[in-house]
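Numbering (the working numbering), first residue to last: 158 to 235.
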């Protein structure tokens, strides 16, 4: 299973890339929704890490997309 990080911070994304985790820079709700659609469509995605600011921006989108799903596990980064 793969892990993916979603953030607006290039520094956060760079840090995770050093650890081998792929990341996506998201700036608005549309980009977040498109990113989640891609990740949720990939059965290899096991964990999605989302920065707190992105989670707060797209809380409704995230709740709608992951409702009734066991995987991937969604973790909010402080």
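By construction, the Cβ of each residue, glycine as well, lies at the ideal position given by its N, Cα and C atoms.
Close Cβ partners of residue 179 (< 6 Å) along its chain, the five nearest in sequence each way excluded: Position 22 of the chain shown holds residue 179. Once the five neighbours on either side are set aside, the close Cβ partners of residue 179 are 161.
* Separation of residue 171 from residue 198, as counted between CA atoms -> Taking the first residue of the chain shown as position 1, residue 198 is located at position 41. Taking the first residue of the chain shown as position 1, residue 171 is located at position 14. Near 24 Å, if we compare the C-alpha coordinates of residue 171 and residue 198.
**Request:** Mark residue 164 as exposed unless 16 or more other C-beta atoms lie within 10 angstroms of its C-beta, in which case mark it buried.
**Result:** Stepping through the chain shown from its first residue, residue 164 is reached at position 7. Residue 164 comes out buried.
TODO: Go through its chain and collect everything with a Cβ distance to residue 212's Cβ below 8 Å, but skip five positions before and after it.
DONE: The residue you call residue 212 lines up with position 55 of the chain shown. Counting only Cβ-Cβ distances below 8 Å, and skipping sequence neighbours, we find 219 and 233.
Does residue 189 pass the burial test, meaning 16 or more other C-beta atoms within 10 Å, or should it be called exposed? Numbered from 1 along the chain shown, position 32 holds the residue referred to as residue 189. Classification for residue 189: buried.
inquiry  = At the level of alpha carbons, what is the spacing between residue 209 and residue 159?
reply    = Against the chain shown, residue 209 aligns to sequence position 52. Against the chain shown, residue 159 aligns to sequence position 2. The straight-line gap from Cα to Cα measures roughly 21 Å.
Quiz prompt | Length of the line joining the Cα atoms of residue 230 and residue 203 | solution = Start at 1 with the first residue of the chain shown, and residue 230 comes out as number 73. Start at 1 with the first residue of the chain shown, and residue 203 comes out as number 46. Their Cα atoms are separated by approximately 6 Å.
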